[in-house]
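Note that the protein sequences, when read in sequence, are chains A and B.
Residue numbering for the first sequence follows our numbering, starting at 1 and increasing by one per position.
Residue numbering for the second sequence follows our numbering, starting at 1 and increasing by one per position.
All residues carry an ideal CB built from backbone N, CA and C; glycine is no exception.
There are 2 protein chains.
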Amino acid sequence: MDKKFDKFINNFRVLIKDLGLKNSTQREIILKALFHSKAHLSAEELSTLIKKEYDSSIGIATVYRVLSFLEDHKVVSSINIGNANSKAYEINPSDHHDHIVCTKCKKVLEFFNPDLEKLQVEIANKNGFKLIDHDMILYGICAGCKK
Amino acid sequence: MDKKFDKFINNFRVLIKDLGLKNSTQREIILKALFHSKAHLSAEELSTLIKKEYDSSIGIATVYRVLSFLEDHKVVSSINIGNANSKAYEINPSDHHDHIVCTKCKKVLEFFNPDLEKLQVEIANKNGFKLIDHDMILYGICAGCKK
DNA sequence: GTCCGTGCAAAACGTTTGCACGGAG
DNA sequence: CTCCGTGCAAACGTTTTGCACGGAC
Chain A
1 MDKKFDKFIN NFRVLIKDLG LKNSTQREII LKALFHSKAH LSAEELSTLI
51 KKEYDSSIGI ATVYRVLSFL EDHKVVSSIN IGNANSKAYE INPSDHHDHI
101 VCTKCKKVLE FFNPDLEKLQ VEIANKNGFK LIDHDMILYG ICAGCKK
Chain B
1 MDKKFDKFIN NFRVLIKDLG LKNSTQREII LKALFHSKAH LSAEELSTLI
51 KKEYDSSIGI ATVYRVLSFL EDHKVVSSIN IGNANSKAYE INPSDHHDHI
101 VCTKCKKVLE FFNPDLEKLQ VEIANKNGFK LIDHDMILYG ICAGCKK
């Protein structure tokens with residue numbers, strides 16, 4: 001039932017070994033918690049969730065350190081939603097996508113649009129840039145909140 | 001020589017009056033400093049600039065309060081660049097645009113692409129959203145840094 | 001036995017707020 | 001004269017860091 005996560009965590013263990021570093025229970029718990037949460041969580045939210053559902057002894061400093069480490073190695077990624085003062089993390093999806101946020105209920109949807117990706121490269125080129133990455137968040141009112 | 005700013009500040013005074021509020025030297029200095037800076041500045045950077053070049057007695061709380069007030073009234077706007085922990089402000093351009101940032105030299109260019117705007121509305125509609133706004137930042141290596 | 005990763009607490013940031021005062025209307 | 005906007009300092013929420021310890025290799 002957890003085959004997807006097993007595969008994911010195995011890849012992670014290989015990464016750790018390749019880097020010549022050491023793994024830890026904490027890192028795996030943090031990944032597990034994030035992997036099984038559909039939401040985009042801030043470090044604090046993730047820490048609270050972990051304390052409640054997994055292991056209450058994991059300190060928040062570790063959550064920050066691990067998330068930062070994971071982001072450096074592209075295992076997770078973060079977005080800055082609207083005026084929020086903290087980043088929201090998710091497992092880095094193998095398939096790239098962007099986000100659309102409902103300004104009323106704060107729900108976050110993901111989407112991928114190939115035309116958009118193509119257009120971004122064109123725009124970068126036109127400005128003399130070699131495109132590396134992009135952040136893109138759309139804000140609107142979702143179907144449910146429109147009523 | 002400062003006709004553009006004069007016009008801008010006059011519009012601002014009308015806005016203040018329309019709101020039934022009071023103007024202040026501080027607000028005008030903050031606007032002046034931001035208006036004449038081409039860069040996208042954080043509240044702290046703007047405060048430092050103002051202390052050095054305009055009036056050392058303007059407190060940082062005022063800068064935050066004024067920027068927040070100005071953003072609420074669409075006089076300025078802010079973006080969250082990459083991993084920075086603070087927002088970067090600019091005078092709200094009458095013409096909407098997005099940003100492309102050089103990850104090496106941190107230079108910020110502005111661009112506008114009508115196809116992109118159209119595409120965003122389409123994407124929102126496809127997901128059942130009524131589009132209100134968007135954040136979009138491209139990251140790449142600029143022409144100068146490519147060499 | 002080495003170090004790396006951790007937990008804790010303190011520090012460091014960026015930002016907001018309570019308060020009394022001064023200045024614009 | 002009335003409030004609004006300000007400066008100051010304290011408070012706040014988020015993130016980072018120094019340190020000694022424990023655990024992975």
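N-terminal and C-terminal residue of the alpha helix (DSSP H) that residue i is part of
i, result
"Phe69 of chain B", "60-72"
"Ser78 of chain A", "First-last for Ser78 of chain A: 76-79, but that is the beta strand (DSSP E), not the alpha helix (DSSP H)."
"Ala124 of chain B", "114-126"
"Asp95 of chain A", "Premise fails: Asp95 of chain A is in no alpha helix (DSSP H) and is neither H nor E."
"Thr103 of chain A", "Taken as a continuous stretch (DSSP letters only), Thr103 of chain A belongs to no alpha helix (DSSP H), as it is neither H nor E."
Member of the options whose CA lies at the smallest distance from the CA of residue i
i, options, result
"His134 of chain A", "B:Phe129, B:Ile141, B:Leu70, B:Glu122", "B:Ile141"
"Ala123 of chain A", "B:Lys126, B:Ile137, B:Val121", "A small fix is needed here, since residue 123 of chain A is Ile in this sequence, not Ala. Minimum Cα distance to Ile123 of chain A is reached at B:Ile137."
"Asn10 of chain B", "B:Glu45, B:Leu21, B:Leu19, B:Glu28", "B:Glu28"
"Leu34 of chain A", "A:Lys126, A:Asn80, A:Phe5", "A:Phe5"
"Asn125 of chain A", "B:Ile132, B:Asp55, B:Ala143, B:Leu19", "B:Ala143"
"Ala39 of chain A", "A:Leu131, A:Glu90, A:Cys145", "A:Glu90"
"Asp98 of chain B", "B:Lys130, B:Tyr139, B:Leu70", "B:Tyr139"
"Cys145 of chain B", "A:His36, A:Val108, A:Phe129, A:Gly82", "A:Phe129"
"Ser37 of chain A", "A:Phe69, A:Val108, A:Asn80, A:Asp95", "A:Val108"
"Leu19 of chain B", "B:Asn127, B:Phe69, B:Ser56", "B:Phe69"
"Val66 of chain B", "B:Ser24, B:Asp55, B:Lys17", "B:Ser24"
"Asp72 of chain A", "B:Val76, B:Asn83, B:Glu71, B:Asp72", "B:Asn83"
Neighbourhood of residue i by C-beta, 8 angstroms cutoff - its chain only, sequence neighbours within 5 removed
i, result
"Asp2 of chain A", "none"
"Ile58 of chain B", "Gln26, Ile29, Ile30, Ser47, Ile50, Lys51"
"Val121 of chain B", "Leu131"
"Phe8 of chain A", "Leu31, Phe35, Ile91"
"Glu53 of chain B", "Ala33"
"Ser87 of chain B", "The sequence as given places Lys at residue 87 of chain B; Ser does not occur at that position. Cβ within range, chain order: Ser42, Ala43, Ser78, Ile79, Asn80."
"Val14 of chain A", "none"
Nonlocal neighbours in the same chain, by C-beta distance under 7 angstroms from residue i, ignoring five residues either side
i, result
"Lys74 of chain A", "Asn92"
Close-in-space but distant-in-sequence residues of the same chain around residue i (CB under 6 angstroms, 5 per side omitted)
i, result
"Ser154 of chain A", "Limits of chain A in this structure are 1 at one end and 147 at the other, which puts residue 154 of chain A out of reach."
Limits of the beta strand (DSSP E) - the one that residue i falls within
i, result
"Val108 of chain A", "108-111"
"Lys130 of chain A", "130-141"
Practice item. Report yes or no: do the stretch 109-116 of chain A and the stretch 96-103 of chain B share at least 3 C-beta pairs separated by less than 8 angstroms? Key: no
Point to revise | Ordered list of alpha helix (DSSP H) runs contained in the stretch 6-70 of chain B, each at least 4 residues | key: 25-35, 43-53
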